[in-house]
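Okay, so here's the structure we're looking at.
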Amino acid sequence: MKFQAPRGTYDILPKEMNKWYYIEKIIKKYVKLFNYREIRLPIFEYKDLFQRSVGDDSDIVEKEMYVFEDKNERLFALRPEGTASVARSYIENSMISSKRDPKKIFYYGPMFRYSRPQKGRYRQFYQFGIEYIGDESAYADAEIITMGWKILQEAQVPDVSLEINSVGCKKCRKDYHKKLQEFLFARENKFCPNCQRRMKTNPLRVFDCKNYVCQEQLENAPQMLDNLCEDCEKHFDEVQENLKKLNVDYEINPRIVRGLDYYTRTAFEYKINYLGAQDALGGGGRYDGLIEYLGGKNTPAVGLSMGMERIILALEEAGVEFPQINTLDVFIIPMDKKYDDKAIEIMNKLHDSEISAQIADANTSMGSNFKFCDRNNVKFAIVIGENEIKSEEYAVKNISKHKQESVHLDKLTDYINSKIE
RNA sequence: GUGGGUGUAGUUCAGUGGUAGAGCACCGGAUUGUGGUUCCGGGCGUCGUGGGUUCAAAUCCCAUCACCCACCCCA
């Protein structure tokens, strides 16, 4: 029996980590700049939590959850997303918030969805997410949208388009639903079977159809944006004003809907067009009703989540070069077993000065050891041979510059420290 | 969940019924104290896995697993 990673999962190998560090560093920078604090949440929760928050007839709950029972017959699910857990924790830990003191939280970690894997789509995948809880003002929406935007910009993901929309509040969405369904049913037989099915279950989704004929039918369909109540319309205008102040480029796409039930008012997505079917790097929106719905006080909130794999794939696709991480400062090369003691002594000294160092195998040829340095981005090599032992002057070679100097044993650490940034 | 494609050395792939191959990578040597070039040498790998057809299967058939693409949906 040969073991392999379960379907839809994969290993992030040491040689790939630089890509992750690259993005994680940018994320850290922005959560700090905007004053978000990290929360670490369980990887599984009661199944009901997701069922209630994400929505009973969402695809996630219907067919994508990893559900299991524990020995006490309690039903759990591996988390398919992060917001539900944040909301649960917010309530459970009585994180009272107000406009003056909003709770600004971020999370990072694996999520699980049982869907058919393909490129940019896994059963275990990593999401980064931020939540701005306690402020109903449009500025909060704009801040969240801006952070995602800036992170993608700084990571240099090319050609990202930010699309925003408003899905209205409970009240105006209900009215609009009715209006849209009336419109759709009046032309039911002109739509594809898929759309005919959707107009009953989730009429908004009809807008997502890529069928040309359906799109034609939709040209005169009522738009949510034209049917917002006064408050929602004002809110949407203010979000846009704030985005302009923050220098964020966006476009309005009345078709951004989002798959989760809890969204109200603002919904948005960051999209690219060169990853095949996986065009969404991340998205989010406002979820004013969720916390109350889960048993907390009526609390406004807005958040976003981004897919790490998608961002990395986009960067790879675009040919962006990830910075290499230098893992080793000094490779100590003893030319014979009998110099191993000296090698250990030098390594210890270097470690004491926080210089990373590793000892080469004395039986391996010098050529091979230098090849190792090339391949592993080693900065310096120190050779230990008969001459060095006698004179206490060591050959220190700068690998990338192909140059070496003689340095006295006592000055090795100072010398290397002065050459390393 | 639906439809299609692929699965041979570390990797990219060739090989379509008759003794398993190539490029790159890797290791060693030429160069026994110095690396990105060159030259020489080095591969038995359950041909994804299990079963079947056949004198004979990497090759044909079935099943299964995984990956890829599209749909669905999203990250």
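Heads up, the first sequence stops at 492 in this note's numbering, and the numbers go up one at a time, no gaps.
Ideal placement from N, C-alpha and C gives every residue a C-beta, glycine not left out.
Fair warning: this is a prediction, and the values are worked out from it, not measured in the lab.
Taking the alpha-carbon positions, what's the residue 115 to residue 156 distance?
For the purposes of this step, residue 115 is taken as residue 44 along the first sequence, with counting starting at 1. For the purposes of this step, residue 156 is taken as residue 85 along the first sequence, with counting starting at 1. Spanning the two alpha carbons is a distance of roughly 9 Å.
Short check: CB of residue 161 to CB of residue 204, under 8 Å?
Residue numbering aside, residue 161 sits at position 90 when the first sequence is read from its first letter. Residue numbering aside, residue 204 sits at position 133 when the first sequence is read from its first letter. Contact flag set, yes.
Alpha carbon of residue 210 to alpha carbon of residue 102, nearest angstrom
As a first step, residue 210 is located in the first sequence; it is residue number 139 there, counting from the start. As a first step, residue 102 is located in the first sequence; it is residue number 31 there, counting from the start. Each residue's alpha carbon lies about 17 Å from the other.
Measuring alpha carbon to alpha carbon, tell me which residue in 308, 436, 81, 478 is nearest residue 181.
On the first sequence, position 110 is the one that residue 181 refers to. It is 81.
In chain order, what residues of the same chain have a beta carbon less than 6 Å from the beta carbon of residue 229, not counting five sequence neighbours either side?
The count along the first sequence starts at 1 and reaches residue 229 at position 158. The residues are 389.
Note the first and the last residue of the continuous alpha helix (DSSP H) segment covering residue 223.
Within the first sequence, numbered from 1, the residue matching residue 223 stands at position 152. Where residue 223 is concerned, the enclosing alpha helix (DSSP H) starts and stops at 209-225.
Roughly how many whole angstroms lie between the Cα atoms of residue 171 and residue 344?
Reading the first sequence from its first residue, position 100 is the one you call residue 171. Reading the first sequence from its first residue, position 273 is the one you call residue 344. C-alpha separation (whole angstroms): 39 Å.
So the beta strand (DSSP E) residue 236 belongs to, where does it begin and stop?
The residue given as residue 236 occupies position 165 in the first sequence. Residue 236: member of the beta strand (DSSP E) spanning 232-237, first to last residue.
Taking residue 217 as the reference, give the member of 247, 137, 321 with the closest Cα.
As a first step, residue 217 is located in the first sequence; it is residue number 146 there, counting from the start. For residue 217, the closest C-alpha among the options 247, 137, 321 is that of 321.
Give the single residue among 439, 438, 449, 410 whose Cα lies nearest to the Cα of residue 429.
Your numbering for residue 429 matches position 358 in the first sequence. That would be 449, whose Cα lies nearest to the Cα of residue 429.
Neighbourhood of residue 299 by C-beta distance below 7 Å, restricted to the same chain and skipping five residues each side:
In the first sequence, residue 299 corresponds to position 228, counting from 1. Taking C-beta separations shorter than 7 Å and ignoring five residues to either side along the sequence, the partners of residue 299 in its chain run 237, 239, 243, 307, following chain order.
Which residue spans inside the stretch 134-161 form an unbroken beta strand (DSSP E) run of at least 3?
Taking only runs of at least 3 residues, the beta strand (DSSP E) segments lying wholly in the stretch 134-161 are 138-140, 146-149.
Going by beta-carbon coordinates alone, are residue 357 and residue 119 separated by less than 8 Å?
For this step, residue 357 is matched to residue 286 along the first sequence. For this step, residue 119 is matched to residue 48 along the first sequence. Going by C-beta atoms, residue 357 is not nearer than 8 Å to residue 119.
CA-CA distance, residue 342 and residue 179?
Counting from 1 along the first sequence, the entry for residue 342 is found at position 271. Counting from 1 along the first sequence, the entry for residue 179 is found at position 108. Rounded to whole angstroms, residue 342 to residue 179 spans 20 Å at the Cα level.
Should residue 437 go down as buried or exposed, given a rule of 16 or more other Cβ atoms within 10 Å for buried?
Taking the first sequence and counting its residues from 1, one reaches residue 437 at position 366. Looking at its Cβ environment, which holds fewer than 16 other Cβ atoms inside 10 Å, residue 437 is exposed.
State yes or no: is the C-beta of residue 185 within less than 8 Å of the C-beta of residue 137?
Mapped onto the first sequence, residue 185 falls at position 114. Mapped onto the first sequence, residue 137 falls at position 66. If you check the CB distance, residue 185 and residue 137 come in under 8 Å.
For residue 163, count the other beta carbons within 10 Å of its own beta carbon; 16 or more makes it buried, fewer makes it exposed. Which is it?
Walking along the first sequence from the start, residue 163 turns up at place 92. By the Cβ-count criterion, residue 163 is exposed, with fewer than 16 other Cβ atoms from all chains shown falling within 10 Å of its own Cβ.
For residue 207, count neighbouring C-beta atoms within 10 Å of its own C-beta (all shown protein chains included) and say buried if the count is 16 or more, exposed if not.
In the first sequence, counting from the first residue as 1, residue 207 sits at position 136. Residue 207 counts as buried, since no fewer than 16 other beta carbons sit within 10 angstroms of its beta carbon.
How many Å lie between residue 86 and residue 426 at the Cα?
On the first sequence, residue 86 is found 15 positions in, with the first residue counted as 1. On the first sequence, residue 426 is found 355 positions in, with the first residue counted as 1. In a straight line, the C-alpha of residue 86 is about 21 Å away from that of residue 426.
Smallest Cα separation from residue 226: which of 446, 462, 91?
Start at 1 with the first residue of the first sequence, and residue 226 comes out as number 155. Closest by alpha carbon: 91.
Measuring alpha carbon to alpha carbon, tell me which residue in 471, 455, 360 is nearest residue 483.
Here the question's residue 483 lines up with position 412 in the first sequence. Per the Cα distances, 455.
What does the Cβ neighbour count give for residue 72, buried or exposed, with the cut at 16 atoms within 10 Å?
Mapped onto the first sequence, residue 72 falls at position 1. Confidence is the limiting factor: at residue 72 the pLDDT is only 44, short of 50, which leaves the residue's position unreliable and the question unanswerable from this model.
Residue of 310, 234, 474 minimising C-alpha distance to residue 329
Taking the first residue of the first sequence as position 1, residue 329 is located at position 258. Of the candidates 310, 234, 474, the one whose C-alpha sits nearest the C-alpha of residue 329 is 234.
From the DSSP output, in three-state form, read off residue 467 for me.
Mapped onto the first sequence, residue 467 falls at position 396. In the structure shown, residue 467 sits in a strand (DSSP, three-state: E or B).
Here's the rule I'm using: 16 or more other beta-carbon atoms within 10 Å means buried, otherwise exposed. How should residue 110 be labelled?
Position 39 of the first sequence, counting from 1, holds the residue named residue 110. Classification of residue 110: buried, given that the 10 Å Cβ count is 16 or more.
With a threshold of 6 Å on Cβ separation, who are the neighbours of residue 275 within its own chain once the five nearest residues in sequence on each side are excluded?
Within the first sequence, numbered from 1, the residue matching residue 275 stands at position 204. Non-local beta-carbon contacts of residue 275 in its own chain, meaning distances under 6 Å to residues more than five positions away in sequence, involve 328 in chain order.
The beta strand (DSSP E) spanning residue 306 covers which residue range?
Position 235 of the first sequence, counted from the first residue, corresponds to residue 306. Boundaries around residue 306 are those of the alpha helix (DSSP H), 301-316, since no beta strand (DSSP E) includes it.
Less than 8 Å between the CB atoms is what I'm expecting for residue 128 and residue 272, so what's the real figure, rounded?
Within the first sequence, numbered from 1, the residue matching residue 128 stands at position 57. Within the first sequence, numbered from 1, the residue matching residue 272 stands at position 201. Rounded, the Cβ-Cβ distance is 7 Å, consistent with contact.
Do residue 413 and residue 460 have their C-beta atoms closer together than 8 Å?
Position 342 of the first sequence, counting from 1, holds the residue named residue 413. Position 389 of the first sequence, counting from 1, holds the residue named residue 460. Yes; because the gap between Cβ atoms is below 8 Å, this pair is in contact.
Check for me: the alpha helix (DSSP H) holding residue 340 runs from which residue to which?
The residue labelled residue 340 in the question sits at position 269 within the first sequence. Bounds of any alpha helix (DSSP H) do not take in residue 340; it lies within the beta strand (DSSP E) bounded by 335-342.
What did DSSP end up calling residue 406 once you bin it into helix, strand or coil?
As a first step, residue 406 is located in the first sequence; it is residue number 335 there, counting from the start. In the three-state reduction of the DSSP assignment, residue 406 falls in the coil class, being assigned neither a helical nor a strand state.
What do you get for residue 146, buried or exposed, if any count of 16 or more other CB atoms within 10 angstroms of its CB means buried?
Start at 1 with the first residue of the first sequence, and residue 146 comes out as number 75. Flag for residue 146 reads exposed.
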